[in-house]
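Before any comments, here is the structure.
2 protein chains.
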Amino acid sequence: MEYPKEARNTVNRKGKMRGKYDLETVHSIIQQARVVHVSFTPFPDDPFPVILPMIGIMGSYARPSAGLDEPQECYLHGYVSSRIMNVTKQTVVDGKLGLPVCVAASRVDGLVLALSPNAHSYNYRSAVLFGYATPVTDVGEKLWAMEQITNKVVPNRWENTRVPPNAAEMSSTQILKVTVQNASAKVRDGPPGDELVDLKDDDVRGRVWAGYVPMVEQLLDPVASSYNRVGEVPAHVKEYIEVANQEELDYANKLVGVVKNATE
Amino acid sequence: MEYPKEARNTVNRKGKMRGKYDLETVHSIIQQARVVHVSFTPFPDDPFPVILPMIGIMGSYARPSAGLDEPQECYLHGYVSSRIMNVTKQTVVDGKLGLPVCVAASRVDGLVLALSPNAHSYNYRSAVLFGYATPVTDVGEKLWAMEQITNKVVPNRWENTRVPPNAAEMSSTQILKVTVQNASAKVRDGPPGDELVDLKDDDVRGRVWAGYVPMVEQLLDPVASSYNRVGEVPAHVKEYIEVANQEELDYANKLVGVVKNATE
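Going down the list, the protein sequences come from chains E and B.
Under numbering that gives the first Met the number 0, think of the first position of the first sequence as 0, with each following residue one higher.
Under numbering that gives the first Met the number 0, think of the first position of the second sequence as 0, with each following residue one higher.
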């Protein structure tokens, strides 16, 4: 399944090579990002959009088993009296579809060092989605989203904490649901690529090093809080650190393989 | 020096503790980010803002020695026929100050795991700035900005590549200069913090592990391109990898020290 290509979400620059519209690619990039950037226009007479870093997940409350390759909504976590929540509530009262937002997630996977500055680049995964945000009012849906969002920080974390949330926590937390209108992703996962004019220049080739520097996120050893009383770091935390770190190295190694196997 | 607090850039939620307005903090976060997110409204009749991931630097062409604690502009790198460049050019023609943009940079430094899901958080550094973007037309300023941007990927990279850019490269590259109107930063660099209700609950304290998982970006061993002919990885690349990785570990260790030394 693919998002329709419209003016708003079409990848223009190098779009044939790097643009992606399939739900799985777009949703995976949002889902993997530790932080998404959410843009909206909060002040009607102000021309400046605002960007907020937030935690977001992809999911479907109506069909929780829906995979990343199926239609999903984007759920964003926030504080109830924050500006985006207030603006969203006002927007819905006006009888509109919700607050128009753009949600973006980007990951740099490595530094692409070429012969010319112009051919320098990053390998990266980025996604952007456009949709209408509304506050989640159904208590079941809100609890479900809070659980997904906590488990995005560390899988299975929710069931290993003090749950359910109490009344004060439920009322201070606001979840926004973004109904996606369209979306796209842009991915670069290739080797350095220089122009023919430089590849043919023996002087340039003889003195400029061209190559790739992979970059990974790594989680380090967990540290107990001063008020922690549990003796051992629990399995869900220990195992997640290992799995997450290995996944980072696996993706980095895959891209290194692409660089090594490229033909000039 | 501080940016003035206005409605647009004021940090509301936990603003007293985490909000920062000094130029040095804001500029440093933008400068360190490998990618910034830039938001603008490209289609006049469309309510959706767009977010683009771009490479951005802070700097002052008029006073290149200006430190991060002094007034600077934000320079963004792009392709000449991209949407943001076209929209910016149209905006300037209209006789306005430029295209209103919001530039955001965020870094997650670690996972804050608390007793309650509600007290879960990240340690992070984030900054946002608002300003008017205009295309850089002065050739000297454009070349200077291109050099700064290349050297952001790897310090001293510019002088170790094939420079100067040729005519085709100069005309296909567009630099946007953002004149900053106001800005702010938000930083969390503390230990987990739970509510008294949970800290007093022996059952909760006896079964939920509370702690911190630091997260760092690490650059891995460089890989030569298939068309590279230079025998050794050059010093500017090798040394940068070491320095950047060590800086990441140093900051992570600093925050680990804060967690360990916290009193309940």
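Glycine included, every Cβ here is placed at the ideal spot set by N, Cα and C.
Through-space distance from residue j to residue i, alpha-carbon basis
{"i": "Ala32(E)", "j": "Asp202(E)", "result": "42 Å"}
{"i": "Lys259(E)", "j": "Val135(E)", "result": "48 Å"}
{"i": "Ala144(E)", "j": "Pro63(E)", "result": "10 Å"}
{"i": "Pro3(B)", "j": "Phe129(B)", "result": "12 Å"}
{"i": "Val152(B)", "j": "Leu110(E)", "result": "7 Å"}
{"i": "Arg106(E)", "j": "Leu198(B)", "result": "37 Å"}
{"i": "Val10(E)", "j": "Arg82(B)", "result": "10 Å"}
{"i": "Gln89(E)", "j": "Asn8(E)", "result": "26 Å"}
{"i": "Val102(E)", "j": "Tyr226(B)", "result": "38 Å"}
{"i": "Val138(E)", "j": "Asn159(E)", "result": "21 Å"}
{"i": "Pro221(E)", "j": "Gly189(B)", "result": "15 Å"}
{"i": "Pro164(E)", "j": "Arg228(E)", "result": "21 Å"}
{"i": "Thr262(E)", "j": "Val100(B)", "result": "41 Å"}
{"i": "Arg204(E)", "j": "Thr24(E)", "result": "36 Å"}
{"i": "Pro41(B)", "j": "Val162(E)", "result": "44 Å"}
{"i": "Val242(B)", "j": "Pro46(B)", "result": "44 Å"}
{"i": "Leu195(B)", "j": "Asn252(E)", "result": "46 Å"}
{"i": "Asp200(E)", "j": "Asp44(E)", "result": "55 Å"}
{"i": "Gly14(B)", "j": "Gly14(E)", "result": "40 Å"}
Chain-order list of residues whose beta-carbon lies under 6 Å from that of residue i (same chain, five-residue window excluded)
{"i": "Pro154(B)", "result": "Tyr239"}
{"i": "Ala113(B)", "result": "His119, Pro191, Asp193, Ala209"}
{"i": "Glu146(B)", "result": "Trp157"}
{"i": "Ser125(E)", "result": "Ser105, Lys185"}
{"i": "Lys141(E)", "result": "Val135, Ile174"}
{"i": "Ile28(B)", "result": "Ala104, Arg124, Ala126, Ala184"}
{"i": "Met16(B)", "result": "none"}
Beta-carbon proximity list for residue i, same chain, < 8 Å, skipping 5 on both sides
{"i": "Ala69(E)", "result": "The residue you asked about is not Ala; residue 69(E) is Glu in the sequence shown. Cβ neighbours of Glu69(E) beyond the five flanking positions: Met0, Leu22, Ser59, Arg62."}
{"i": "Gln71(B)", "result": "Leu22, His26, Met57, Gly58, Ser59, Ala65, Val179"}
{"i": "Asp212(E)", "result": "The sequence shown places Val at residue 212(E), rather than the Asp named in the question. So the qualifying residues of the chain are Gly109, Leu110, Leu112."}
{"i": "Leu67(B)", "result": "Leu22, Glu23, His26, Ser27, Gln30, Met57"}
{"i": "Val257(B)", "result": "Asp188, Gly189, Pro190"}
Counted within 10 angstroms of its Cβ, other Cβ atoms place residue i as buried (16 or more) or exposed
{"i": "Asp249(E)", "result": "exposed"}
{"i": "Gly230(E)", "result": "exposed"}
{"i": "Ala166(B)", "result": "exposed"}
{"i": "Pro48(E)", "result": "buried"}
{"i": "Gln30(B)", "result": "buried"}
{"i": "Glu5(B)", "result": "exposed"}
{"i": "Val207(E)", "result": "buried"}
{"i": "Ser170(B)", "result": "exposed"}
{"i": "Gln173(B)", "result": "buried"}
{"i": "Leu254(E)", "result": "buried"}
{"i": "Asn117(E)", "result": "buried"}
{"i": "Met84(B)", "result": "buried"}
{"i": "Val127(E)", "result": "buried"}
Own chain partners of residue i with C-beta closer than 7 Å, once the 5 adjacent residues on each side are dropped
{"i": "Arg156(E)", "result": "Thr149, Asn150, His235"}
{"i": "Leu96(B)", "result": "Tyr131"}
{"i": "Pro98(E)", "result": "The residue asked about is misnamed: residue 98(E) is Leu in this sequence, not Pro. Around Leu98(E): Phe39, Val86, Thr87, Thr90, Tyr131, Ala132."}
{"i": "Val232(B)", "result": "Pro221"}
{"i": "Gly18(B)", "result": "Val10, Ser183, Lys185"}
{"i": "Pro52(B)", "result": "Val34, His36"}
{"i": "Tyr20(E)", "result": "Glu1, Tyr2, Lys4, Ser183"}
{"i": "Glu247(B)", "result": "Val215, Glu216, Gln217"}
Contact belief for residue i with residue j at Cβ below 8 Å, rounded distance in angstroms
{"i": "Glu215(E)", "j": "Leu219(B)", "result": "Looking at the sequence itself, residue 215(E) is Val, so the reference to Glu does not match. Rounded, the Cβ-Cβ distance is 6 Å, consistent with contact."}
{"i": "His36(E)", "j": "His76(B)", "result": "Their Cβ separation, rounded to whole angstroms, is 18 Å, which puts His36(E) and His76(B) out of contact at 8 Å."}
{"i": "Lys237(E)", "j": "Tyr74(E)", "result": "Not really, about 27 Å apart at Cβ, beyond 8 Å."}
{"i": "Val34(E)", "j": "Ile50(E)", "result": "Contact flag wrong, Cβ pair sits at about 11 Å."}
{"i": "Arg12(E)", "j": "Tyr78(B)", "result": "5 Å"}
{"i": "Asn181(E)", "j": "Gln217(E)", "result": "Contact doesn't hold; Cβ gap of about 34 Å is too wide."}
{"i": "Glu168(E)", "j": "Ser224(B)", "result": "No, Glu168(E) and Ser224(B) are not in contact; Cβ-Cβ is about 52 Å, not under 8 Å."}
Within chain C, partners of residue i - CB distance below 7 Å
{"i": "Thr160(B)", "result": "Absent here is chain C; the protein component of the structure consists of chains E and B."}
Return the chain-ordered ranges of every alpha helix (DSSP H) run that is complete within the stretch 138-175 of chain B and spans a minimum of 4 residues. Those alpha helix (DSSP H) runs which fall completely within the stretch 138-175 of chain B and span 4+ residues are 138-152, 166-171.
Can you give, in chain order, each stretch of the alpha helix (DSSP H) that sits fully within the stretch 16-96 of chain B and has at least 4 residues? Complete alpha helix (DSSP H) runs here, min 4: 22-31, 82-92.
Restricting to runs no shorter than 3 residues, where is the beta strand (DSSP E) found entirely within the stretch 166-251 of chain E? If we require 3 residues or more, the beta strand (DSSP E) runs fully inside the stretch 166-251 of chain E come out as 172-187, 210-218.
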